[in-house]
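S.K.:
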Amino acid sequence: MLKTSYPVLGIAVLVAVVSLLITYFPFKPQSSPPPRFFTVQELAIYNGTDDSLPILLGILGSVFDVTKGKTHYGVGGGYNHFAGRDASRAFISGNFTGDGLTDSLRGLSSTEVKSVVEWRDFYFRTYTFVGMLVGRYYDSQGNPTKYLKGVEAKAARGAQLMEKQKKEEAKQTSCNSRWSQEEGSEVWCDTGHPRLVQRPLEIALTGKMSKRCACFKEDELDQPVLEVYEGCDYFAKVCRL
Ligand code: HEM
Ligand SMILES: *[C@@H]1O[C@H](CO)[C@@H](O)[C@H](O)[C@H]1NC(C)=O
Ligand SMILES: *[C@@H]1O[C@H](CO)[C@@H](O)[C@H](O)[C@H]1NC(C)=O
Numbered sequence: 001m002l003k004t005s006y007p008v009l010g011i012a013v014l015v016a017v018v019s020l021l022i023t024y025f026p027f028k029p030q031s032s033p034p035p036r037f038f039t040v041q042e043l044a045i046y047n048g049t050d051d052s053l054p055i056l057l058g059i060l061g062s063v064f065d066v067t068k069g070k071t072h073y074g075v076g077g078g079y080n081h082f083a084g085r086d087a088s089r090a091f092i093s094g095n096f097t098g099d100g101l102t103d104s105l106r107g108l109s110s111t112e113v114k115s116v117v118e119w120r121d122f123y124f125r126t127y128t129f130v131g132m133l134v135g136r137y138y139d140s141q142g143n144p145t146k147y148l149k150g151v152e153a154k155a156a157r158g159a160q161l162m163e164k165q166k167k168e169e170a171k172q173t174s175c176n177s178r179w180s181q182e183e184g185s186e187v188w189c190d191t192g193h194p195r196l197v198q199r200p201l202e203i204a205l206t207g208k209m210s211k212r213c214a215c216f217k218e219d220e221l222d223q224p225v226l227e228v229y230e231g232c233d234y235f236a237k238v239c240r241l
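When we follow UniProt numbering, the leftmost residue of the sequence shown carries the number 1, and every step to the right adds one.
1) Under DSSP, the beta strand (DSSP E) around alanine 156 begins and ends at which residues?
2) Short of 8 Å in beta carbon distance, which residues of its chain neighbour serine 104, apart from the five on each side in sequence? Order them along the chain.
3) Roughly how many angstroms separate the alpha carbons of serine 109 and alanine 204, rounded to a whole number?
4) Under the three-state reduction of DSSP, which class applies to leucine 2: helix, strand or coil?
5) When DSSP labels each residue in this structure, what does tyrosine 229 get in the three-state scheme?
6) Residues in its own chain within less than 6 Å of lysine 154 by CB, not counting five upstream and five downstream?
7) Are glycine 61 and methionine 162 close, meaning C-beta to C-beta below 8 Å?
8) How about glycine 84 and tyrosine 46: are their beta carbons less than 8 Å apart?
9) Quick one: Cα of glycine 76 to Cα of phenylalanine 64, how far?
10) Under 8 Å, Cβ to Cβ, is there at least one residue of chain D near arginine 85?
11) For alanine 83, which residues does DSSP report across the bridge?
12) Comparing the CB of valine 66 with every heavy atom of ligand 1, is any distance shorter than 7 Å?
13) For ligand 1, I want to know if glycine 98 counts as a neighbour, meaning its beta carbon is within less than 7 Å of at least one of the ligand's heavy atoms.
14) Rounded to whole angstroms, how far is the Cβ of lysine 55 from the Cβ of glycine 48, which I believe are closer than 8 Å?
15) Quick one: complete beta strand (DSSP E) runs, 3+ long, within the segment 181-210?
16) In this structure, does DSSP put valine 43 in helix, strand or coil?
17) Report buried or exposed for leucine 53, applying the criterion of at least 16 other Cβ atoms within 10 angstroms of its Cβ.
18) Kindly list the residues whose CB is nearer than 7 Å to the CB of aspartate 139, restricted to its own chain and excluding five residues on each side of it in sequence; keep chain order.
19) In the DSSP output, which residue or residues are listed as bridge partners for serine 174?
20) Classify glutamate 230 as buried or exposed, calling it buried when 16 or more other Cβ atoms lie within 10 Å of its own Cβ.
This is the structure:
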């Protein structure tokens, strides 16, 4: 009876030792330095001018070390204007001058906002995250601001709407289309007849109207939302644009 308790004691000691080891030497792949906080002025120093300093770039308030992309972000690089600042809006506008270099996304559509968030994903994948810019997107505690939460919600809504639009459009057959110098643009249907249809979610997504060409069979043609191509026969299978 007493003998059997020795292995039990051994196991208990082993468990205790292992758990102590895990507590004091946690299995971290590689501990990265804690995130730093930057002011606009501090970030501006890392604009690529001083070769002895890293080049930093802010997007949606996240700051990345982009020194390995010096050809793009260094002095004379095509994207040098992104260095040392958060010019989130310029990822959409491509406007690298004056007020174009702002971190405000005011007035952008949900697909555009989503695209900026995807740029941030790109920097997380490609470069090293070093910290946060205190201002529009993060407070001095490093907490995301209402503004950042709004941006992320808008991007998520954009993604959802795009998914829904894709599903809706998959229910209809898209027209074939081709372009040639002689013929110009043409749309045609293998079965059914080409019709222009409004993309119902497009306004919510991009702020603009947009139409696509889809094919409809004869018994579907009476729907009032379907528009016959200008100059094209009601029952034509091919329409020149
Ligand atoms: C809104 C407009 C645009 C923005 C915001 C933008 C942004 C960027 C950024 C940030 C990079 C660097 C990515 C990295 O760190 O590796 C890049 C690379 C590049 N961009 Fe653009 N770009 C724009 C328009 C264009 C246009 C119109 C072209 C060509 C006609 C172009 C061609 C390129 C090429 C070729 C590279 C890669 C160069 C390389 O990897 O060596 N970009 N772009
Ligand atoms: C760029 O960085 C340098 C130092 O690295 C600094 O002296 C200069 O003022 C910065 N330029 C801008 C526009 O902030
Ligand atoms: C860039 O933005 C500024 C300020 O909003 C504007 O004055 C300028 O015309 C824009 N440039 C381009 C090329 O769109």
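Ideal Cβ placement from N, Cα and C applies to all residues, glycine included.
M.R.: Per the coordinate set shown:
1) Segment 146-170 is the alpha helix (DSSP H) holding alanine 156; no beta strand (DSSP E) there.
2) Contacts found: Ser88, Arg89, Arg136.
3) Approximately 8 Å, taken between the alpha carbons.
4) The predicted position of leucine 2 is uncertain, since its pLDDT is 48 and thus under 50; a value taken from the coordinates is nonetheless stated next. It is coil, neither helix nor strand.
5) When DSSP states are grouped into helix, strand and coil, tyrosine 229 belongs to the coil group.
6) Beyond the five residues adjoining it in sequence on each side, lysine 154 comes within less than 6 Å, by CB distance, of Ser110, Val113 in the same chain, given in chain order.
7) No, they are not a contact pair.
8) Against a cut-off of 8 Å, the Cβ pair of tyrosine 46 and glycine 84 comes out as a contact.
9) The alpha-carbon atoms of glycine 76 and phenylalanine 64 are separated by roughly 20 Å.
10) Given the protein chain composition of this structure (a single chain), no chain D is represented.
11) The partner list for alanine 83 (beta bridge, DSSP) reads Leu57.
12) Flag set: Cβ of valine 66 near ligand 1.
13) In this structure, the C-beta of glycine 98 stays at least 7 Å away from each heavy atom of ligand 1.
14) Here residue 55 turns out to be isoleucine, not lysine, going by the sequence shown. Indeed they touch by this definition, with Cβ atoms about 5 Å apart.
15) If only uninterrupted beta strand (DSSP E) runs of at least 3 residues are considered, those enclosed by the segment 181-210 are 184-188, 193-198.
16) In the sequence as presented, valine is not what sits at residue 43; that position holds leucine. Three-state DSSP puts leucine 43 in a helix.
17) Exposed, since its Cβ has fewer than 16 Cβ neighbours within 10 Å.
18) So the list reads Thr145, once near-sequence residues are dropped.
19) For serine 174, the pairing in a beta bridge is given by DSSP as Ala214.
20) Residue environment for glutamate 230: exposed (fewer than 16 other C-beta atoms within 10 angstroms of its C-beta).
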